[in-house]
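> Numbering that gives the first Met the number 0 puts the first residue of the sequence shown at 0, with every later residue one more than the last.
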Amino acid sequence: MPFSFTNPKGQSYILHSKTTTLKNGNNQTIYYFAKEAKENALDAVPDGYEVAVTKNGLPVLKRANKE
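(1) Whole angstroms is fine: what's the gap from S16's alpha carbon to I29's?
(2) Looking only at DSSP bridge pairs, what is N55 linked to?
(3) When DSSP labels each residue in this structure, what does V50 get in the three-state scheme?
(4) Put K63 into one of helix, strand or coil per three-state DSSP.
(5) Just to confirm, does Q27 get its C-beta within under 8 Å of one of the non-hydrogen atoms of the ligand NAP?
Here it is as structure tokens:
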């Protein structure tokens with residue numbers, strides 16, 4: 000079951016990830032939210048990250064504080 004987040008406006012978003020190759024040849028994983036589940040949906044928030052909501056109500060992943 001993919002990880003779903005509902006924002007304060009009541010809209011649900013599904014967490015996805017994508018690995019891309021940068022110009023220097025390094026690979027980087029990009030995390031994003033979409034309204035519909037696709038084949039690269041994640042089941043949980045990655046370790047070290049937490050969900051935050053922007054002023055516009057869109058969910059984003061940010062690094063968790065090390066407390």
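Beta carbons: idealized from backbone N, C-alpha and C, even for Gly.
Working from what's here:
(1) Position 17 of the sequence shown, counted from the first residue, corresponds to residue 16. Position 30 of the sequence shown, counted from the first residue, corresponds to residue 29. Looking at the two C-alpha atoms, the distance is approximately 5 Å.
(2) As a first step, residue 55 is located in the sequence shown; it is residue number 56 there, counting from the start. DSSP lists no partner for N55.
(3) Mapped onto the sequence shown, residue 50 falls at position 51. Strand, per DSSP.
(4) As a first step, residue 63 must be located in the sequence shown, where it is residue number 64. Sequence check: residue 63 is Ala here, not Lys. Correct three-state label for A63: coil.
(5) Among the ligands in the structure shown, none appear at all, so the ligand NAP cannot be discussed.
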